[in-house]
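In case it helps, this note's numbering puts the sequence shown at residues 3 to 538. I have placed the structure first, in the form of structure tokens, so that the comments after it can refer back to it.
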Amino acid sequence: MEGEKEFVFDPKRLRKDILLYVVEGAHPFSTIEEKGYIRMMSSATPLFKSFSRTTLTRDLFSLYYSEREKLKNNDWKLHKRILRFRALVPPYDGVSISEEIFLFLSQWKLENKVLSVTVDNATYNDAMIAHLKNRLVSKGLLVSNGCMFHIRCCAHIINLIVQSGLELIEGILDDIRKLVRLVTRSSYRSKDFYDTAEKKFNLVKRKLHLDMKIRWNSTFSILDNVLYYREVFVYLGSVNNYFKSFVPTDFEWSKLVVVHKFLNIFYDVTCMFSASKTPTSNLYFKGAWMVHRHLLDTSKSTDVLLSEMVEPMLSKFDKYWSEYNVYLSCATILDPRFKVKMVEYCLDKLFGTDLAMEKVEVVLSTLRSLYNDYKLQSSTSPIIVPSPLNSEFGHHNLFDDYHSYNPKSTMSQIGKSQLEVYLEEEPLDMNLELDVLEYWHQNALRFPELSKVARDLLTIPVSTVASESAFSIGGKTISPNRSSLNPKTVQALVCVQDWGSDENGIALDLDNENDEDGEAIIENDEDNESDTFFSL
Numbered sequence: 003m004e005g006e007k008e009f010v011f012d013p014k015r016l017r018k019d020i021l022l023y024v025v026e027g028a029h030p031f032s033t034i035e036e037k038g039y040i041r042m043m044s045s046a047t048p049l050f051k052s053f054s055r056t057t058l059t060r061d062l063f064s065l066y067y068s069e070r071e072k073l074k075n076n077d078w079k080l081h082k083r084i085l086r087f088r089a090l091v092p093p094y095d096g097v098s099i100s101e102e103i104f105l106f107l108s109q110w111k112l113e114n115k116v117l118s119v120t121v122d123n124a125t126y127n128d129a130m131i132a133h134l135k136n137r138l139v140s141k142g143l144l145v146s147n148g149c150m151f152h153i154r155c156c157a158h159i160i161n162l163i164v165q166s167g168l169e170l171i172e173g174i175l176d177d178i179r180k181l182v183r184l185v186t187r188s189s190y191r192s193k194d195f196y197d198t199a200e201k202k203f204n205l206v207k208r209k210l211h212l213d214m215k216i217r218w219n220s221t222f223s224i225l226d227n228v229l230y231y232r233e234v235f236v237y238l239g240s241v242n243n244y245f246k247s248f249v250p251t252d253f254e255w256s257k258l259v260v261v262h263k264f265l266n267i268f269y270d271v272t273c274m275f276s277a278s279k280t281p282t283s284n285l286y287f288k289g290a291w292m293v294h295r296h297l298l299d300t301s302k303s304t305d306v307l308l309s310e311m312v313e314p315m316l317s318k319f320d321k322y323w324s325e326y327n328v329y330l331s332c333a334t335i336l337d338p339r340f341k342v343k344m345v346e347y348c349l350d351k352l353f354g355t356d357l358a359m360e361k362v363e364v365v366l367s368t369l370r371s372l373y374n375d376y377k378l379q380s381s382t383s384p385i386i387v388p389s390p391l392n393s394e395f396g397h398h399n400l401f402d403d404y405h406s407y408n409p410k411s412t413m414s415q416i417g418k419s420q421l422e423v424y425l426e427e428e429p430l431d432m433n434l435e436l437d438v439l440e441y442w443h444q445n446a447l448r449f450p451e452l453s454k455v456a457r458d459l460l461t462i463p464v465s466t467v468a469s470e471s472a473f474s475i476g477g478k479t480i481s482p483n484r485s486s487l488n489p490k491t492v493q494a495l496v497c498v499q500d501w502g503s504d505e506n507g508i509a510l511d512l513d514n515e516n517d518e519d520g521e522a523i524i525e526n527d528e529d530n531e532s533d534t535f536f537s538l
């Protein structure tokens, strides 16, 4: 028809789409050799030329290697990428894991590019971190002798804190889970439940899911949804014997409402720490302080339930965060919305002016030391000219008097360094939506050394939540239909799927049309001797 483009068959584009179909849909490689598949594709276009799973595997590795080369960049953007996915052979101890990670870093020539490693509180992680840090420090490969190397997952710490308090209402939570199970395990009851919610109570559908007990935020989600449907459950409990024995009493409902409101701030901070596309280290101090202040304020509550819940939670908080991480506190100062004012304000609220000023000075001294370490690596310092920037980023009413707070700390006026000039400039609006890394990218000419400190500190992840997504992808990749895949093929599948999930997508470069040398590219791997190795 007039105006329509003439169809041009592109075999390379088709092979790319077939590969992505297999990768993204977790289909067996043998799918493309099935008679029905070939017949379907031939009907779609008579020009289609079938190819083997060996060619498909070669295409996968071609994509894997070409995309791997593109991972190195200097665009001042935060990226989350799975770089290695392997099965780890016994023994599963910290030293063995450390050796495997060091092997990976050596093969990728990243030994001098590592700033920090974020892990949860598993015992073997402490041994792994210590062993790996010693290996890197002995070779002089860590910035400032590895002072920022070990970061404990903040989301995991919040999980431990909240779990210690939830034990007090475990009985009510178990009844809540039984209620949700009644709805989700029967298609008839599920339909009846959602129909009642919509027609009788005009509620927009929210799908109910059971929680994972070891993840408190999923418990918060189930509590949030059950409270949303409270009237529905109460109604069904009055007319349906299935629900009657599990519906909470009025007193128990009131408890759940109080607990839900109390836990809101923990959920928000967990979400704050779990971001993967934006920096989180600059938010650590603010988030930890919000939790600390909330616990201290609630400990004075006249509500007996909350008072009992907070006691073990405060004890758990003190175990991990009695002293705020000084290097992550430096990252807060390097957020132009916060600077020293945020740190001083928060510490003043907790400890009073005198002790707060002592703690602020410790953070500033640490930041000066870091800045001096970076400055030694550079011989030039250009003239610094102030550059104003305009000014949403707030939370709850914990900061209600922040704007009227007058900081007591002062900066030296003698021999202004880049750090001192930066600190003397007024902070931006705390609620400004700001790409912090882009701010430092734009100010790299004004603050050449300080911008490097900021770039490194601000890219430290404070949570392992993003990296744990590898296990979700891995479980989908290693399906019963793919259980005999070569370990390197599994790794390529996991990595390509992860890299392709980026909003920019991936491009496939297919040059070789022959099946015969398909194994060549598969075996041309620098770590061919290590088939059973897991790392991220």
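All C-beta atoms, glycine included, are put in the ideal place defined by N, C-alpha and C.
- Task: On a CA-only basis, which of A28, T120, D61, V25 is nearest P13? Give me that one, please.
- Result: For the purposes of this step, residue 13 is taken as the residue at position 11 of the sequence shown. Of the residues A28, T120, D61, V25, the one whose Cα lies closest to the Cα of P13 is D61.
- Between which two residues does the beta strand (DSSP E) carrying R154 extend? As a working mapping, residue 154 is identified with position 152 in the sequence shown. Counting along the chain, the beta strand (DSSP E) containing R154 begins and ends at 152 to 154.
- Query: Counting Cβ pairs, one atom from each stretch, are 3 or more of them under 8 Å apart for the segment 125 to 141 and the segment 96 to 104?
  - Reply: yes
- Query: With a Cβ-Cβ cutoff of 8 Å, do Y347 and Y424 count as a contact?
  - Reply: Here the question's residue 347 lines up with position 345 in the sequence shown. Here the question's residue 424 lines up with position 422 in the sequence shown. No. Outside cutoff.
- Message: I need the boundaries of the beta strand (DSSP E) containing T120, first residue and last residue.
- Response: To locate residue 120, count along the sequence shown from 1; it is residue 118. Element bounds for T120: 119 to 121.
- Message: Looking only at its chain, what residues have a beta carbon closer than 6 Å to the beta carbon of V164, apart from the 5 residues adjacent to it on each side?
- Response: What you label residue 164 is simply residue 162 of the sequence shown in a count that begins at 1. Closer than 6 Å at Cβ, skipping near neighbours: W218, F268.
- Message: Measuring only the C-alpha atoms, how far is K82 from Y322?
- Response: Counted from its first residue, the sequence shown places residue 82 at position 80. Counted from its first residue, the sequence shown places residue 322 at position 320. Computed Cα separation, rounded: 26 Å.
- Message: With a threshold of 7 Å on Cβ separation, who are the neighbours of V364 within its own chain once the five nearest residues in sequence on each side are excluded?
- Response: On the sequence shown, residue 364 is found 362 positions in, with the first residue counted as 1. Once the five neighbours on either side are set aside, the close Cβ partners of V364 are V328.
- Answer yes if the segment 233 to 241 comes into contact with the segment 189 to 204, meaning at least three C-beta pairs across the two stretches below 8 Å, and no otherwise. As far as the Cβ criterion goes, the segment 189 to 204 touches the segment 233 to 241, which means the pair count is three or higher.
- Item | Residues near V1 by beta carbon distance below 7 Å, same chain, minus five either side | Because the chain spans 3 through 538 in this model, residue 1 falls outside it and cannot be assessed.
- Query: Is A124 near the ligand ATP, in the sense that its beta carbon is under 7 Å from a heavy atom of that ligand?
  - Reply: You won't find the ligand ATP in this model; it holds no ligand whatsoever.
- Report yes if the C-beta distance between Q493 and F87 is below 8 Å; otherwise report no. Mapped onto the sequence shown, residue 493 falls at position 491. Mapped onto the sequence shown, residue 87 falls at position 85. Yes, they are a contact pair.
- Task: Could you name the residues of the same chain whose beta carbon sits closer than 6 Å to that of E505, not counting the 5 residues immediately before and after it, in chain order?
- Result: Working through the sequence shown from its first residue, we reach residue 505 at position 503. Residue placement at E505 cannot be trusted, given a pLDDT of 45 that sits under 50; what the coordinates show is reported in the next sentence. Result list for E505: empty, nothing under 6 Å.
- Query: Cβ atoms of R191 and V182: under 8 Å apart, would you say?
  - Reply: Taking the first residue of the sequence shown as position 1, residue 182 is located at position 180. Taking the first residue of the sequence shown as position 1, residue 191 is located at position 189. Result no, Cβ atoms of V182 and R191 do not sit closer than 8 Å.
- Runs of alpha helix (DSSP H) wholly within the segment 394 to 467 (minimum 4 residues, chain order): Taking 4 residues as the minimum length, the alpha helix (DSSP H) runs contained wholly in the segment 394 to 467 are 420 to 426, 438 to 444, 450 to 460, in order along the chain.
- Query: Do P429 and K351 have their CB atoms nearer than 8 Å?
  - Reply: As a first step, residue 429 must be located in the sequence shown, where it is residue number 427. As a first step, residue 351 must be located in the sequence shown, where it is residue number 349. Not a contact, by the Cβ cut-off of 8 Å.
- Item | Rounded Cβ spacing between L316 and S301 (contact assumed at less than 8 Å) | The residue you call residue 316 lines up with position 314 of the sequence shown. The residue you call residue 301 lines up with position 299 of the sequence shown. Yes, L316 and S301 are in contact; Cβ-Cβ is about 6 Å, under 8 Å.
- Message: Mapping the DSSP letters down to three states, classify W501 as helix, strand or coil.
- Response: Here the question's residue 501 lines up with position 499 in the sequence shown. Helix at W501.
- Item | Backbone CA spacing between L49 and F9 [nearest angstrom] | Looking up residue 49 in the sequence shown gives position 47. Looking up residue 9 in the sequence shown gives position 7. Spanning the two alpha carbons is a distance of roughly 12 Å.
- Task: Give the secondary structure of C332 by DSSP, where H, G and I count as helix, E and B as strand, and everything else as coil.
- Result: Against the sequence shown, residue 332 aligns to sequence position 330. It is helical.
- Task: Assign S367 to buried or exposed, taking buried as 16 or more other Cβ atoms, counted over all protein chains shown, within 10 Å of its Cβ.
- Result: Reading the sequence shown from its first residue, position 365 is the one you call residue 367. It is exposed - the Cβ of S367 has fewer than 16 other Cβ atoms within 10 Å.
- Buried versus exposed, by CB contacts within 10 Å (16 or more), Y23: Stepping through the sequence shown from its first residue, residue 23 is reached at position 21. Y23 comes out exposed.
- Query: With DSSP run on the structure shown, which of helix, strand or coil describes V116?
  - Reply: One-based indexing of the sequence shown puts residue 116 at position 114. Here V116 sits in coil by DSSP.
- Item | Buried or exposed (CB count within 10 angstroms, at least 16 for buried), L265 | As a working mapping, residue 265 is identified with position 263 in the sequence shown. Buried.
- N-terminal and C-terminal residue of the alpha helix (DSSP H) that L352 is part of: As a first step, residue 352 must be located in the sequence shown, where it is residue number 350. Note, L352: alpha helix (DSSP H), 341 to 353.
- Can you tell me whether DSSP reads L80 as helix, strand or coil? Counted from its first residue, the sequence shown places residue 80 at position 78. In the structure shown, L80 sits in coil (DSSP, three-state: anything other than H, G, I, E or B).
- Task: Rounded to whole angstroms, what's the CA-CA distance from C273 to H158? Just pull it up for me.
- Result: To locate residue 273, count along the sequence shown from 1; it is residue 271. To locate residue 158, count along the sequence shown from 1; it is residue 156. Going by the C-alpha atoms only, they are around 12 Å apart.
- Task: List in chain order: all unbroken alpha helix (DSSP H) runs of 4+ residues lying wholly within the segment 143 to 193.
- Result: 156 to 168, 172 to 186
- Query: With contact counted as at least three CB pairs below 8 Å, one residue from each stretch, are the segment 105 to 119 and the segment 149 to 158 in contact?
  - Reply: Of all C-beta pairs linking the segment 105 to 119 to the segment 149 to 158, three or more are shorter than 8 Å, placing the two stretches in contact.
- Item | Three-state secondary structure assigned by DSSP to E363 | Taking the first residue of the sequence shown as position 1, residue 363 is located at position 361. Note: E363 maps to helix in three-state DSSP.
- Item | Endpoints, the alpha helix (DSSP H) within which F9 is located | Here residue 9 corresponds to residue number 7 of the sequence shown, with the count starting at 1. Taken as a continuous stretch (DSSP letters only), F9 belongs to no alpha helix (DSSP H), as it is neither H nor E.
- Query: What do you reckon, are the CB atoms on S223 and A468 nearer than 8 Å?
  - Reply: Position 221 of the sequence shown, counted from the first residue, corresponds to residue 223. Position 466 of the sequence shown, counted from the first residue, corresponds to residue 468. No.
- Query: Is the CB-CB distance between K257 and I178 below 8 Å?
  - Reply: Residue mapping note: residue 257 aligns to position 255 of the sequence shown, counting from 1. Residue mapping note: residue 178 aligns to position 176 of the sequence shown, counting from 1. No.
- Would you report the Cα separation of L105 and G142, rounded to the nearest angstrom? Residue mapping note: residue 105 aligns to position 103 of the sequence shown, counting from 1. Residue mapping note: residue 142 aligns to position 140 of the sequence shown, counting from 1. Going from the Cα of L105 to the Cα of G142 covers about 17 Å.
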